[in-house]
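Take 160 as the starting number for the sequence shown in the working numbering and just add one per residue. Every residue, glycine too, gets a C-beta built ideally from N, C-alpha and C.
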Amino acid sequence: MTVATQWDEETEVLIVGSGAAGCSAALAARTAGAQVLLLERTDKLGGTSAVSGGVPWIPNNHHMHEIGRSDSREQALTYLRRISLGKMDDGMIETFVDTAPQVLLFLEKETDLRFRALQMPDYHPEFPGGNVGRSVTAGIFPAGTLGELRPALRSSAHFPIPISIADVEDGFNVLDPELIGGRLNEDMVGMGGALMAGLLKGLVDHGVRIERNVRVLRLVQDNDVVIGIEAERDGKPWRVGVRKGVILACGGYEWNKEMTREFLRGPMHSPHSPPWNEGDGLKMAMQAGAALGNMSEAWWQPSVTIPGEEYDGRPLVRLTGIERCGPGSIIVNRSGRRFVNEACNYNDIGRVFQAFDPVDFDYPNLPAWHIVSQDYMDRFPFLTRYPGDPVPSWMESADTLSELAAKIGVDPAGLEAQVARFNDNARNGVDPDFHRGESIYELYWGDPSAEGTAKTLGPLERGPYYAVETKIGTIGTKGGPRTNERAEVLSLSGGTVPGLYAAGNAMASIMGMAYPGGGATLGPALTFGHIAGREAARGSNRF
């Protein structure tokens, strides 16, 4: 039997995964003239991208001038090299910086997506090359235009209402029932849902074939050349021959406990992504002889689990934002001591949770406790609890700090001394211990009604006091098959794995250990997805 007659079906370019990287790849390949088949493991489309904030990080994008900002190739590269610490490949970050602005223009040309630059600073805006406006948003999008695919769009438990970060910047009351009700009546979606609805609508308009409930199990190779896949479709074996290229865009391995235990640099309590990122792409790439990179890293995130909450049958893990940046809140370890600038970006704060004590031979900052006062509770939301709501059972509370410390197993004297010191400094608008409030990034996410460092610094004055256990999670892993500037998967034995490409969290991240700005996951995912689709479509037929 010849290879050509072994297949149930054939296509030219096959993409595994329906997130931003996969959809970007499909759109690029289809507009280049290729026959494209996109496969999604679950019955929902959009992957982790659909439950994200939907904000790609695109240096030197064409919308920055609209908010009075400018950028350049040199400025962006200066910034990335400053935060690289030797972990970024210069050729890969140059390719990203050169290509990402073109991809944004391409998406606005080939889909109904329309972006705008946000006033969001980079995560280290004071560093050389740091800037404001590299993060862009698609705003809200009419999901009803997806037609028959509308029910398949993955929804987000983190951002369930149709809003965008642009709404917050514009001063809208995002809890206004009239605003939200009107958008719901028009079937609008926001955040990652808006980005993915727009991308999927583009695929529909361009005639990309999409198949759901297909789990790709392995790659088929002929003399090391990838020529097809073996999968289960609706529980039955299915073989597809692929003449030009297979693109892995099926996320990371954060839900694979064996892999996370083996590869990650430290403890990881639980992922924030949909629970289907189990390393399928990584396994296939390894079996095909791929070289791996950045395997110890992830996109770290402080995490809170509310008992009883689930998403797709697994525990839902909440991420903290205003909770960390708002005035009147701190995070302490079991000694009752602060150990980090709570308002710095989530990726970098996450790394400090993994600090190791060689004397006690443990992780002294795990678990940590998020402490807030009654003043905070009266003014700000804390995850799903809003001002005026009853105190939920997942929050510990006590009239005094010492009583609270006893409840949560934290040193009472340490906590009282820490809060006293923090309060004295916060009243003066300073944090000499961890410099909270000194970066415009921290102020951006703080109290919009305050001025200066008071946006994020405020004393914990009035009891009762409240505590929520906080651990370290991830929005996705950063390790995977190494690729070159053409998104071709590199071989462990040298050269490439012919016919195999990767993008998104299924590839070794170009960002190393860093997180340069809001959307540093989505920006490279869209960019290298686009490159992979374009390059695969240009390839010659393998059979």
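Span separating the alpha-carbon of residue i from that of residue j
| i | j | result |
| --- | --- | --- |
| R701 | I386 | 7 Å |
| Y535 | A557 | 15 Å |
| P523 | F498 | 10 Å |
| I320 | P517 | 45 Å |
| E337 | R693 | 44 Å |
| M160 | N372 | Caution is warranted here: a pLDDT of 34 is assigned to M160, below 50, making its placement in the model unreliable, and the coordinate value is therefore given only provisionally. Approximately 29 Å, taken between the alpha carbons. |
| R496 | Q577 | 6 Å |
| D167 | V401 | 11 Å |
| T686 | F255 | 7 Å |
| G596 | W604 | 10 Å |
| I490 | L525 | 11 Å |
| E114 | L475 | Any property of residue 114 remains undetermined from this structure, which presents the chain solely from 160 to 702. |
| A353 | L308 | 14 Å |
| G611 | E601 | 10 Å |
| G682 | S532 | 37 Å |
| A746 | D202 | Outside the modelled stretch of the chain, which goes from 160 to 702, sits residue 746, for which no answer is possible. |
| A696 | P284 | 38 Å |
| P396 | R200 | 14 Å |
| S183 | H365 | 12 Å |
| D583 | P618 | 8 Å |
| M223 | A276 | 6 Å |
| E169 | R342 | 41 Å |
| D521 | F515 | 6 Å |
| L423 | L649 | 21 Å |
| A209 | S432 | 10 Å |
| G425 | D507 | 14 Å |
| R473 | I634 | 15 Å |
| R398 | D271 | 34 Å |
| S598 | H221 | 25 Å |
| G698 | L358 | 24 Å |
| G192 | A502 | 47 Å |
| Q165 | M418 | 33 Å |
Cβ pair residue i, residue j closer than 7 Å
| i | j | result |
| --- | --- | --- |
| W414 | E391 | no |
| L407 | A661 | yes |
| G440 | S211 | no |
| A316 | Y470 | yes |
| I242 | A673 | yes |
| W458 | T629 | no |
| S429 | G632 | yes |
| I669 | I252 | yes |
| V291 | R228 | yes |
| G129 | Q460 | With the chain represented from 160 up to 702, any question about residue 129 goes unanswered, as that position is not in the structure. |
| G303 | D346 | yes |
| V262 | H529 | no |
| L305 | K360 | yes |
| D590 | S494 | no |
| V348 | F318 | no |
| E555 | I567 | yes |
| A585 | L542 | no |
Reference residue i; option with closest CA among the options
| i | options | result |
| --- | --- | --- |
| L378 | E389, R371, P591, I369 | E389 |
| A297 | P284, G485, L266, S315 | L266 |
| M355 | R273, V569, T543, C503 | R273 |
| L651 | Y600, F539, I369, A444 | A444 |
| D383 | L244, L659, E199 | L659 |
| M427 | P433, S455, A447 | S455 |
| N587 | E562, I567, K614, P607 | K614 |
| E269 | P434, A188, R510 | A188 |
| L264 | N219, T636, V648, L359 | N219 |
| E421 | E169, T636, C182 | T636 |
| R544 | I465, N584, E647 | I465 |
| D113 | G678, R641, A665 | The displayed coordinates of the chain run from 160 to 702. Any statement about residue 113 would go beyond what the structure contains. |
| P551 | P540, P657, T559 | P540 |
| S323 | W553, L362, M279 | M279 |
| A185 | A447, V363, E417 | V363 |
| L197 | V327, P657, G487, E370 | E370 |
Whole-number beta carbon distance between residue j and residue i, since they are thought to touch under 8 Å
| i | j | result |
| --- | --- | --- |
| R477 | S462 | 7 Å |
| A179 | G663 | 7 Å |
| N500 | F593 | 4 Å |
| S294 | V214 | 5 Å |
| G671 | N453 | 6 Å |
| A527 | N492 | 5 Å |
| G250 | E644 | 6 Å |
| P486 | A579 | That belief does not hold up - the Cβ atoms of P486 and A579 are roughly 17 Å apart, past 8 Å. |
Distance cut-off 6 Å: residue i Cβ against heavy atoms of the ligand FAD
| i | result |
| --- | --- |
| L423 | Looking for the ligand FAD in the displayed structure turns up nothing, as the structure carries no ligands at all. |
### Task
Would you be able to state if there are at least three C-beta pairs under 8 Å between the stretch 169-176 and the stretch 391-406?
Remark: three or more beta-carbon pairs, one from each stretch, lie closer than 8 Å, so the stretch 391-406 and the stretch 169-176 are flagged as touching.
### Query
With a cut-off of 8 Å, do at least 3 Cβ pairs link the stretch 618-626 to the stretch 230-239?
With a cut-off of 8 Å, the stretch 230-239 and the stretch 618-626 do not count as touching, because too few Cβ pairs lie within range.
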